[in-house]
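A short write-up of the structure that comes next.
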Amino acid sequence: MSLPFAIPRQVKIGDAAAFVGTTPRAIRHYHEIGLLPEPERGTDDRRRYGYDDMIRLLWIRRMADAGIALDDVRAAFADPAPAGSDGDHEVAAILERLEETLAAREAELQEQRSAVQRMLAAGSRRGLLSDLVTARLASVPEGSLRQADLDTLLVTERIFGPLGAAIQAGRFVALAAHPDLQEESDRVDAAEEALDDTVDVDDPRVAEVAERRHAFELALNAVIEDSGQAVEEERFFDSWEASQADDVDAGPGSGPGSTSALAAVEKMPYDFSPARLRCIELVAEKLAAQEPAAP
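Under the numbering used here, the letters of the sequence shown match residues 2 to 296, in that order.
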């Protein structure tokens, strides 16, 4: 049987793209990500694609059209087929590896979806906190927590871990139940923010604000004690320890991208003036002076 045309042994990238049903740009991308080995160039320094290249391109396109990610296709092709296997076995092996990859991705996506659903159920910002902190805030009515409160918990969780943030969340639980304390908290916060760079560290206002903060902290701690939160905190401690029993690296300063509490504090760009920092020191000194001496 004679053919009315000459079949080329190799074709240029434009002809390869046209036959496969893609674009030269897509084929160049396959080369860049290691999905398709770059073929030899002709005397005109242009790529030339042979039969095996076209077969691989066709399979790549067929898998991509099936919704398989290019990274997964690349991983499948990167795993060599067993020696002596024929084409069907090679394709079956590739598809089996892809099935394993897609199953793993499906499980990961399901975990992500569950996390998003939890966030939606808890409220967008509140849901971004850990389960332990979110559970501690469950009794706080919707709208009682302000963005600044959630921002504070987010920073605390990053520095001291979920347990530290869950304990701090007890403050917001108490404030939500006592509007008068919430109002005083707002007034003290405003007074502290007024200690900007124009205020000298020796200004009498620094000591005055420190005294107000100290008095507020004592009042808040009394409310927390009377509410029985100490018992609830013990329950959170036990729950946290039980959940981390099998994870020796759990807690602050562990996990991917983690850092120590001190290093985290040093990296957080707190916009505190010298006067405000001095106020914080005075409050810490007053609270420490009231702590019972160790036996």
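By construction, the Cβ of each residue, glycine as well, lies at the ideal position given by its N, Cα and C atoms. Values in this document were obtained by computation on a predicted structure and should not be read as measured data.
Query: Residues bridged to tyrosine 50 [DSSP beta-bridge criterion]; Result: Val12
Query: Closest residue to valine 134 among Asp198, Thr157, Val141 and Ala167 (Cα-Cα distance); Result: Ala167
Query: Inter-residue spacing [alpha-carbon to alpha-carbon] between alanine 122 and aspartate 66; Result: 36 Å
Query: First through last residue of the alpha helix (DSSP H) which encompasses phenylalanine 273; Result: Where phenylalanine 273 is concerned, there is no enclosing alpha helix (DSSP H), given that its DSSP letter is neither H nor E.
Query: Candidates Met120, Glu282, Trp60 and Ala149: closest to alanine 136 by CA position; Result: Met120
Query: Same chain, Cβ closer than 8 Å to isoleucine 14, neighbours up to 5 away in sequence not counted; Result: Pro25, Ile28, Arg29, Arg47, Arg48 and Tyr50
Query: Closest Cα partner of serine 131 within the set Glu194, Leu151 and Pro275; Result: Leu151
Query: The segment 211-226 contacting the segment 172-182, beta-carbon criterion three pairs below 8 Å; Result: yes
Query: Inter-residue Cα distance where the pair is valine 200 and arginine 114; Result: 49 Å
Query: Beta bridge counterpart(s) of arginine 206 as assigned by DSSP; Result: According to DSSP, arginine 206 bridges with nothing at all.
Query: Three-state secondary structure (DSSP) of arginine 147; Result: coil
Query: Serine 255 versus tyrosine 31: straight-line alpha-carbon distance, rounded; Result: A caution first: serine 255 carries a pLDDT of 43, below 50, which makes its placement in the model too unreliable to give a value.
Query: Proximal residues to threonine 102 (C-beta, below 8 Å), its chain only, five neighbours per side dropped; Result: Asp73, Ala76 and Ala77
Query: Where serine 259 falls: helix, strand or coil (DSSP); Result: Note that serine 259 has pLDDT 46, beneath the 50 cutoff, so the model's placement of it is unreliable and the number below is only indicative. Correct three-state label for serine 259: coil.
Query: Classification of alanine 18 by the beta-carbon crowding that lies within 10 angstroms, buried from 16 upward; Result: buried
Query: Valine 12 versus glutamate 41: straight-line alpha-carbon distance, rounded; Result: 11 Å
Query: Between the CA atoms of serine 145 and alanine 79 - distance to the nearest angstrom; Result: 54 Å
Query: Pairwise C-alpha distance: valine 141 and alanine 170; Result: 10 Å
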